[in-house]
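Enquirer: Sharing a structure here in structure tokens format.
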């Protein structure tokens, strides 16, 4: 079955450590996204990528890094520079409509809950 | 930059009651998407609206997009406990950036 997979579901990190969250999709979608969700709040965009080897900063990119070496993979690294990394992280992908300049509905993974200990 | 504001932030209703959630954009929306999220899980796509004045329904949920394409509403008729969760509106950016942003979310609780 096609879908988008995030791993791990729960992650614990010590202060000062970098940690990488995995996101893989087999939907053949061009665009992929990372969001952060804090308790009681909506989703805030961290990074997004339209094509392989290209990505753009979202609204809260500081302290995060990404790579897009393969179409199906878009890992997110939470660096030690991120002051408050404890949150729920969601990865998504969507189809980019050629010539229209917009993305269709996004498909989401089940999320990774990151806790700093 | 474009922002999406949702209201209300939270809602508690008695089972069987109708309710409406609103989503307002600071700019004209190119595509408006409604999602539902159960606590601690990913988002489930509900409906997409693109044309001004468009209205779509699925089971007891109806979504509308105003003519100016800057405001959308989600209406639930005869709410049930299964409708509980967080409802989010999302919007695809206009040509060139492919950003996909979300509203602040509305937390719905339905009392049995």
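Chains as they are written, first to last, in my numbering: chain W, 25 to 141; chain S, 5 to 116.
Think of the CB as a built atom: it goes at the ideal place given N, C-alpha and C, for glycine as much as any other residue.
One question on the structure: do residue 69 (chain W) and residue 59 (chain W) come within less than 8 Å of each other, judged by their Cβ atoms?
Expert: Numbered from its first residue, the first chain carries residue 69 (chain W) at position 45. Numbered from its first residue, the first chain carries residue 59 (chain W) at position 35. Closer than 8 Å, so yes.
Enquirer: Distance check for residue 32 (chain S) and residue 107 (chain S), CA to CA, integer angstroms please.
Expert: Mapped onto the second chain, residue 107 (chain S) falls at position 103. Mapped onto the second chain, residue 32 (chain S) falls at position 28. Cα to Cα, residue 107 (chain S) sits roughly 14 Å from residue 32 (chain S).
Enquirer: Looking only at DSSP bridge pairs, what is residue 92 (chain W) linked to?
Expert: Numbered from 1 along the first chain, position 68 holds the residue referred to as residue 92 (chain W). DSSP output for residue 92 (chain W) lists no bridge partner at all.
Enquirer: Is there at least one Cβ from chain S nearer than 8 Å to residue 132 (chain W)'s Cβ?
Expert: On the first chain, residue 132 (chain W) is found 108 positions in, with the first residue counted as 1. Taking Cβ atoms only, chain S reaches closer than 8 Å to residue 132 (chain W), which makes this a yes.
Enquirer: Can residue 112 (chain S) and residue 82 (chain S) be called in contact, C-beta distance under 8 Å?
Expert: As a first step, residue 112 (chain S) is located in the second chain; it is residue number 108 there, counting from the start. As a first step, residue 82 (chain S) is located in the second chain; it is residue number 78 there, counting from the start. No, they are not a contact pair.
Enquirer: Within its chain, find whatever has a CB closer than 7 Å to the CB of residue 40 (chain W); leave out the 5 residues flanking it on each side and keep chain order.
Expert: The count along the first chain starts at 1 and reaches residue 40 (chain W) at position 16. The residues are 104.
Enquirer: Does residue 91 (chain W) come within less than 8 Å of chain S when only Cβ atoms are used?
Expert: The residue given as residue 91 (chain W) occupies position 67 in the first chain. No, because no Cβ of chain S sits closer than 8 Å to the Cβ of residue 91 (chain W).
Enquirer: Beta carbon of residue 77 (chain S), beta carbon of residue 68 (chain S): below 8 Å?
Expert: Counting from one through the second chain, the residue named residue 77 (chain S) turns up at place 73. Counting from one through the second chain, the residue named residue 68 (chain S) turns up at place 64. Taking 8 Å as the Cβ cut-off, residue 77 (chain S) and residue 68 (chain S) qualify as a contacting pair.
Enquirer: Can you give me the start and stop residues for the beta strand (DSSP E) that residue 78 (chain W) sits inside?
Expert: Walking along the first chain from the start, residue 78 (chain W) turns up at place 54. Run containing residue 78 (chain W): 78 to 81, per the beta strand (DSSP E) assignment.
Enquirer: Is there a Cβ from chain W that is less than 8 Å from the Cβ of residue 72 (chain S)?
Expert: Position 68 of the second chain holds residue 72 (chain S). For residue 72 (chain S), the answer is no, since every Cβ of chain W falls outside 8 Å of its Cβ.
Enquirer: Return no unless some Cβ of chain W is closer than 8 Å to the Cβ of residue 58 (chain S).
Expert: Counting from 1 along the second chain, the entry for residue 58 (chain S) is found at position 54. It does not; no Cβ of chain W falls within 8 Å.
Enquirer: First and last residue of the beta strand (DSSP E) that includes residue 49 (chain W)?
Expert: Here the question's residue 49 (chain W) lines up with position 25 in the first chain. Unbroken beta strand (DSSP E) run through residue 49 (chain W): 43 to 49.
Enquirer: Is the separation between the beta-carbon of residue 93 (chain S) and that of residue 43 (chain S) shorter than 8 Å?
Expert: As a position in the second chain, residue 93 (chain S) is number 89, starting the count at 1. As a position in the second chain, residue 43 (chain S) is number 39, starting the count at 1. Not closer than 8 Å, so no.
Enquirer: Which stretch, first to last residue, makes up the beta strand (DSSP E) that contains residue 17 (chain S)?
Expert: Walking along the second chain from the start, residue 17 (chain S) turns up at place 13. Start and end: 14 to 18.
Enquirer: Between residue 188 (chain S) and chain W, is the shortest Cβ-Cβ distance under 8 Å, so that the two count as touching?
Expert: Nothing can be reported for residue 188 (chain S), as the shown portion of chain S is limited to 5 through 116.
Enquirer: How about residue 19 (chain S) and residue 84 (chain S): do their beta carbons lie closer than 8 Å?
Expert: Along the second chain, read from residue 1 onward, the residue named residue 19 (chain S) stands at position 15. Along the second chain, read from residue 1 onward, the residue named residue 84 (chain S) stands at position 80. Going by C-beta atoms, residue 19 (chain S) is nearer than 8 Å to residue 84 (chain S).
Enquirer: Following the continuous beta strand (DSSP E) through residue 114 (chain W), name the residue where it begins and the one where it ends.
Expert: By 1-based counting over the first chain, the position of residue 114 (chain W) is 90. 111 to 118 is the span of the beta strand (DSSP E), which, as asked, contains residue 114 (chain W).
Enquirer: When Cβ atoms are compared, which residues of the segment 31 to 47 of chain S fall closer than 9 Å to chain W?
Expert: Listed by position along the chain: 34, 35, 37, 39, 41, 44, 45, 46, 47.
Enquirer: Work out the CA separation of residue 90 (chain S) and residue 4 (chain S) for me, nearest whole Å.
Expert: Absent from the structure is residue 4 (chain S), since the part of chain S shown begins at 5 and ends at 116.
Enquirer: Using a Cβ-Cβ cut-off of 6 Å (strictly less than) and excluding sequence neighbours within five positions of residue 137 (chain W), which residues of its own chain qualify?
Expert: On the first chain, residue 137 (chain W) is found 113 positions in, with the first residue counted as 1. Closer than 6 Å at the Cβ level, and outside the excluded window around residue 137 (chain W), lie 34, 112.
Enquirer: Which residues does DSSP pair with residue 113 (chain S) in a beta bridge?
Expert: Looking up residue 113 (chain S) in the second chain gives position 109. S:16, per the DSSP bridge assignment.
Enquirer: Go ahead and pull the three-state DSSP assignment for residue 86 (chain S).
Expert: As a working note, residue 86 (chain S) is residue 82 in the second chain. Residue 86 (chain S) falls in the helix class under three-state DSSP.
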